[in-house]
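Below is one structure, written out as structure tokens, with a few remarks after it.
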Amino acid sequence: MVISFDAKQLEEKFTEAEESLLDSNNAKHLCYDNYDCTTFDDLNQDFLGEISQKSVVYCIWAGNEKKNLQPRYIGHVAGKYSRQRMRNHLAKKHERTGAQLGNTTAALANKEKIAVSYLVTEPHYMRKALEDWLIAKHCDRLTWNKAGKTK
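0 is the number of the first residue of the sequence shown in numbering that gives the first Met the number 0; add one for each residue after it.
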């Protein structure tokens with residue numbers, strides 16, 4: 000049996016999501032004291048509150064100035080883990096996660112700014128499909144993504 004989805008309709012919606020997620024004007028600029036990742040939690044409670052309990056697809060941005068941020072990583076997370084996943088990428092992580100903390104701390108060591116854009120996905124299970132589509136389409140720009148890239 001073959002189950003077909005309306006690719007045109009899906010790609011129209013994914014393109015709408017892409018335009019919003021990859022618009023640097025939608026990126027929330029994160030605060031770090033002296034480029035120190037351990038200050039993330041104290042200085043970014045508003046951002047963590049915004050994403051709390053929401054299933055999201057997100058993009059981590061980095062750059063020397065706010066006006067020249069580049070998308071570095073796209074990921075997704077289920078609602079109940081959203082705050083912790085952002086902390087894993089941006090402040091502290093368990094060694095067994097695939098979080099981007101090493102890349103974040105390297106960017107901060109280079110005095111780069113960090114920002115995050117995100118989209119709440121409804122229904123929540125569409126987040127993985129959207130993430131896969133975006134990574135495949137933008138793999139050349141997403142220097143921190145390893146999984147999901149086309150060869």
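Idealized CB from N, CA, C, for every residue including glycine.
Residue i, buried or exposed, once every other Cβ within 10 Å from all chains shown has been counted against 16
{"i": "Asn109", "result": "exposed"}
{"i": "Val115", "result": "buried"}
{"i": "Ser3", "result": "exposed"}
{"i": "Lys79", "result": "exposed"}
Residue i to residue j span [Cα, whole Å]
{"i": "Asn33", "j": "Ala26", "result": "21 Å"}
{"i": "Asp40", "j": "Val1", "result": "47 Å"}
{"i": "Leu9", "j": "Gln83", "result": "30 Å"}
{"i": "His88", "j": "Thr14", "result": "25 Å"}
{"i": "Ala128", "j": "His137", "result": "14 Å"}
{"i": "Asn43", "j": "Leu100", "result": "16 Å"}
Proximity below 9 Å, CB of residue i to CB of residue j
{"i": "Cys36", "j": "Thr96", "result": "no"}
{"i": "Ile113", "j": "Ala61", "result": "yes"}
{"i": "Leu118", "j": "Met85", "result": "no"}
Rounded distance between the beta-carbons of residue j and residue i, thought under 8 Å
{"i": "Trp132", "j": "Tyr72", "result": "Contact flag wrong, Cβ pair sits at about 15 Å."}
{"i": "Cys58", "j": "Leu21", "result": "6 Å"}
is_contact[residue i, chain B] using C-beta, thresh 9 Å
{"i": "Thr104", "result": "Protein chain content of the structure displayed is limited to a single chain, and chain B is not contained in it."}
Proximity test, residue i beta-carbon vs the ligand PLP heavy atom, cut-off 8 Å
{"i": "Glu11", "result": "Because no ligand of any kind appears in the structure shown, any question about the ligand PLP cannot be addressed here."}
Quiz item: Would you call the region 120-139 and the region 42-59 touching, i.e. three or more CB-CB distances under 8 Å?
Solution: yes
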